[in-house]
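Residue numbers (the numbering used here), protein chains in the order written: chain A, 1 to 288; chain B, 1001 to 1288; chain C, 2001 to 2326. Glycine residues also receive a C-beta, built at the ideal position from the N, C-alpha and C atoms. This report concerns only the one structure given below.
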Amino acid sequence: MAAVTSLGETPIAAPARRPTGMQAGRRRRLNIFRYVVFTIFGLFFLLPLLAMARFSLEAPNKLGTWSLQAWRQIASYQNTGIPPLLSSIELTLELAVITCAVILVLLLPTMIWVRLRVRWLARTIEFLCLLPLTIPAIVLVVGLAYIYNRIQRVELSTLMLFWVYVILALPYAYRALSAGLTAIDVTTLSEAARSLGASWFTVIVRVIAPNMRAAILNAVVLTTALVLGEFTIAYLLLYTNLQVELYSISRNTPNAGVLFSTSLAALTFTFALLLIVSYAGRRRRGRG
Amino acid sequence: MAVAATTKTGARPSRAGRRPSAPAWVGTVPFFAYVAIFLIWPTGIVVVDALKNPNGTWAFSNLSEFGNPLVRGYFIGSLKLCLISSVTGAVFGAILAYAVASGDPDGLIRRLYIAVSGVLAQTGGVTLAFAFLVLIGPVGLLFHASWYFEFPWGIGLIYTYFQIPLMVLVFMPAIDGLKVQWREASENLGASSWQYWRHVGGPLLLPAFLGATLLLFANALSAFATIQAWENQIAYVVPQQISTALSSEVGLSNVNEADLLALGMIIMVAIVMTGYALLLRRAARWLR
Amino acid sequence: MNALVAAAKKEGTLNIIACPPTWANYGSIISTFEKKYGITINDAIPDGTSQQEVDAVKSENGTAKAPDVLDIGMAVALANTSLFAPYEVSTWSDIPAAQKAPNGIWVQDYGGYMAIGYSSKYGTITSLNQLLGPQFKGAVALNGNPTAANAALNAVMMVNLAQGGTAGNIANGVNWFAKLKAAGNFNPVSATGATIKAGTTQIVFNWDYLNLPSYVGVTNWKVFVPSGIALGGYYAQAINKNAPHPAAARLWEEFLYSQAATGGQNLWLQGGARPVEQPAMTSNSSIDTAAAAKLPTISGTPVFLTQAQSTDAANYLAANWAKAVG
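Encoded structure:
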């Protein structure tokens, strides 16, 4: 069946053959377009970051002079025991892993199943996956506080934040996965696999998911970035995650630059982490 | 149905006899159970509180607040800001997504852009608003934008900073799904680039594009820290007023009012989603 | 007292809330207490408002993270007395009667007077109406929104009094800010250390202890108080009725109200705030005279807003502030 052979079909970027003739011209125009776009957007995104960086390098009390004071303050902040920053980094990383795992296990099979068998629920799920974004975090906490009160009586660990982080990541993960899901022919793929005797688990994990690599990767990227950048809910529920810890560090000193050095440090850390994660989504060569 | 027939005849021979099969929607129970506890329940608390008095008695008359011109102003402000930032973010994000997706799928540029987009999609708040303030505010490093404090232009620009990367991440998988064979086929039939996009690529991408725009809309709706840092003296949008209602220390704090405004936001998103669903149904006429 | 110290040490932890280390020398107070008694202090939501503090008490009730003590504005304190436990510190008699609840359910701790901080590049400012001049374009800012933040509301009230208004009617103050906005001098951004340093908010209305160069983070910062206007505000301490660490909470209060050279009262004084026991400590010479001398001089009779006046002002602002500065 044509559908089965469509596994591993080449996407719009096909680096295999050298384009000739009409394709060469189009390729050239495309490249010009790409580099213009990258330059313009690159500038737009870079300038505010540079502004933040410049501000983080200002000397504490004098304007116009440079100093690494704001950056050094991140490392030197010490309370009793191990540096709280390291422990909150470790904690937040664990949170990210748990949240990504739970959201993929929860959302992906459900989305596939709904697409295959329970189409009438699709709109409901779409709305539910949009709901966390419609309510500002400050109000969501009003309702969450009651549930978290019960949780905190039993388990005080900051890792308990993952319950709500999965909810917060739902809108983003859903959209990323949905874009990937609509691009492949789920029905035919699953029919074919089932007709060959595969269980539903195999269908989801070994047939459909590999075809959604980009979508799953983007969902993981979005979820990880969300967990590493989440501040309001942890703050209002009196937990200490990475962002709350960085915020405490910045409030510990009148040096305004520390707010920016901590933000940039978090951004850079997240960026490096996501870059590593994106390598995990590499298409294995030699297949398809 | 063909599907049922396939699974019946394709069932593994070791399965002796037919077990009574549960209705298909049972497969979605884990998802709904999770969402029920951690999303619907807190939302329910908020919604119920919206219709109560501070002393706990029911007050359905609270709903008349939506007729208050001040309150209507907040919602119109939110609508304006969300529409502008989501449409701008969607269009520019789609262009950037295409530029990234049309490159080498395993290349460094694509990975960098995914990682950067993940990070930037979650930025916001004090540091972002401050960066724009020092770049184009009254004492701007680049220039002084006289419209910087005008609503919705100044804040709209700041919002696109995280809307565009978000669009890139949720929309790129859809672009990846455009198979190069389709482009080649349309070229073989003599179609120009414009015709390809107008009749093949465009309609295929439309559902994902609209869905992503919807996500951007909701993302802008509940964003709060950024606009609060942009300017703090006038409440233009609903979350700003919610914050005053929740945490005012001069006696204007009113949790029920905050919850009522949140209820209004949920209703607003439900309306927007209905519009989106209708749009999609019209667009679906051109698909399969 | 010794029994209290022993019990508190056994608890080993104290949960405080919304006490930014740079605010009125809280950083020093926290570390002094930690070193003296070996008790770890968890300072949650450093920038929380008084209302958020009370909300945390309610939402964390019954967990080990609930705040033990609160440092809140008077309006919120008076509205939530049912959440507090009464306690009279050992220096109770040195606290003026008007600044404590008779049953000890709340007691004021430190306060300050409304002032205007400004960058020294403007020379010396001597009158409020100077700020309407063209050289201050986009430079004047408040600390928060007057409908939400106590400091901002008192800022408008201070201007109101300076413009001939009364504590019961804040209209004059709002009108002055409307004039400021019309002159293009009003900056809608909330002043923070960062905005001051970047030069976007060069003139800030805030409590005098928050207009210290050490809090603001720049050295060229001066303070101006309109002559004859002394609008003051004191914060209050309260102990959570269901505090997870009740002994530590009470020990903390004892520390805060102690008149020792390294006790809370003098540490607050060093942070530029006026401790509630200042009159008594000046009499018995336990006050840090050097720090006391650094406080900005206040002329005129001190005015403190009553609950009713505060509420009236807030309601007026809710209806008219956005129109005035929008």
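Query: List the residues of chain A whose Cβ lies closer than 9 angstroms to the Cβ of Ala2024/C, in chain order.; Result: By Cβ distance, chain A contributes nothing, its closest Cβ being about 12 angstroms from Ala2024/C, past 9 angstroms.
Query: Just verifying my parser: in three-state terms, what is the DSSP assignment at Ala2115/C?; Result: strand
Query: Where does Arg1183/B fall in DSSP's three states?; Result: helix
Query: Can the beta-carbon of Val221/A be found closer than 8 angstroms to that of Phe231/A?; Result: no
Query: Please go through the same chain and pick out, in chain order, the residues whose beta-carbon is closer than 8 angstroms to the beta-carbon of Pro15/A, but skip the five residues on each side of it.; Result: Because the pLDDT at Pro15/A is just 46, under 50, the model does not fix this residue reliably, and the point stays unresolved.
Query: With 7 angstroms as the limit, tell me which residues of the stretch 249-273 of chain A have their beta carbon closer than that to any beta carbon of chain B; keep them in chain order.; Result: Leu259, Phe260, Ser263, Leu267, Thr270, Phe271
Query: With Ile2017/C as the anchor, note down where its beta strand (DSSP E) starts and where it stops.; Result: 2013-2017
Query: Spatial neighbours of Glu2088/C within its chain, please: C-beta separation below 6 angstroms, excluding the five flanking residues on both sides.; Result: Gly2104
Query: Could you tell me whether any Cβ in chain B is nearer than 8 angstroms to the Cβ of Gly143/A?; Result: yes
Query: Kindly confirm or deny that the stretch 190-197 of chain A and the stretch 245-264 of chain A touch, where touching means at least three C-beta pairs closer than 8 angstroms.; Result: no
Query: Once the 5 residues before and after Asn2240/C are set aside, which same chain residues still bring their CB inside 8 angstroms of it?; Result: Val2057, Ala2066, Pro2067, Asp2068, Val2069, Leu2070, Leu2083, Phe2084, Ala2085, Ala2249
Query: How big is the Cα-Cα spacing for Asn2002/C and Val142/A?; Result: 40 angstroms
Query: Find the residues of chain B that neighbour Asn2150/C, judging by a C-beta separation of less than 8 angstroms, and give them in chain order.; Result: Glu1249, Val1250
Query: When DSSP labels each residue in this structure, what does Asp301/A get in the three-state scheme?; Result: With chain A covering only 1 through 288, there is no way to say anything about residue 301/A.
Query: Classify Arg194/A as helix, strand or coil using the three-state DSSP reduction.; Result: helix
Query: I'd like the span of the beta strand (DSSP E) that includes Lys2035/C, first residue to last.; Result: Lys2035/C -> not in any beta strand (DSSP E); alpha helix (DSSP H) instead, spanning 2026-2037.
Query: So Val2216/C and Pro254/A are in contact, right, with Cβ under 8 angstroms, and what is the actual spacing, rounded?; Result: 7 angstroms
Query: Measure from the alpha carbon of Asn2041/C to the alpha carbon of each residue in Thr2126/C, Ser2059/C, Gly2012/C, then state which is nearest.; Result: Reading off the sequence shown, one finds Ile at residue 2041/C, where the question assumed Asn. Taking only the C-alpha atoms, the option nearest Ile2041/C is Gly2012/C.
Query: Flag Gln1122/B as yes if its beta-carbon sits less than 8 angstroms from any beta-carbon of chain A, otherwise no.; Result: yes
Query: If I follow the unbroken beta strand (DSSP E) through Thr1244/B, where does it start and stop?; Result: Counting along the chain, Thr1244/B falls outside any beta strand (DSSP E), though it belongs to the alpha helix (DSSP H) covering 1238-1247.
Query: Given that a residue counts as buried once 16 or more other Cβ atoms are within 10 Å of its Cβ, and exposed if not, what is Thr1274/B?; Result: exposed
Query: Decide if Arg150/A is buried, meaning its Cβ has at least 16 other Cβ atoms within 10 Å, or exposed.; Result: exposed
Query: To the nearest whole angstrom, what separates the beta carbons of Leu2014/C and Ile2039/C, a pair I think is in contact under 8 angstroms?; Result: 5 angstroms
Query: Buried or exposed for Gln2135/C, please, with buried defined as at least 16 other CB atoms from any protein chain shown within 10 angstroms of its CB.; Result: exposed
Query: For the stretch 2029-2046 of chain C, which residues have a CB atom closer than 7 angstroms to at least one CB atom of chain A, in sequence order?; Result: Thr2040, Ala2044, Ile2045, Pro2046
Query: May I ask you to list the residues that DSSP assigns as paired with Asn2042/C?; Result: Asn2015/C
Query: For Tyr1034/B, go through chain A and note every residue whose CB falls closer than 9 angstroms to its CB, in chain order.; Result: Val102, Leu106, Trp163, Val166, Ile167
Query: Nearest-angstrom Cα distance between Ala2171/C and Ala1270/B?; Result: 41 angstroms
Query: State the beta-bridge partners of Asp2071/C as determined by DSSP.; Result: Gln2237/C
Query: Take Val132/A as the anchor and find which of Ala225/A, Ala24/A, Ile233/A has the nearest alpha-carbon.; Result: Position check: residue 132/A holds Pro in this sequence, whereas Val was assumed. Checking every option, the nearest Cα to that of Pro132/A belongs to Ile233/A.
Query: On a CA-only basis, which of Ile89/A, Ile74/A, Leu85/A, Leu43/A is nearest Val227/A? Give me that one, please.; Result: Ile89/A
Query: Using the three-state DSSP reduction, which class does Gln2108/C fall into: helix, strand or coil?; Result: strand
Query: Could you have a look at Gly81/A and say whether DSSP puts it in helix, strand or coil?; Result: Unreliable placement is indicated for Gly81/A, whose pLDDT of 48 sits below 50; the coordinate value is still reported in the next sentence. The answer is coil: DSSP assigns Gly81/A none of H, G, I, E or B.
Query: Could I get the ranges of all uninterrupted alpha helix (DSSP H) runs contained in the stretch 65-120 of chain A, with 4 residues as the minimum, in chain order?; Result: 69-76, 84-117
Query: When you compare the CB of Phe1066/B with every CB in chain C, is at least one pair closer than 8 angstroms?; Result: no
Query: Check whether chain B comes within 8 angstroms of Val2189/C, counting only Cβ atoms and requiring the distance to be less than that.; Result: yes
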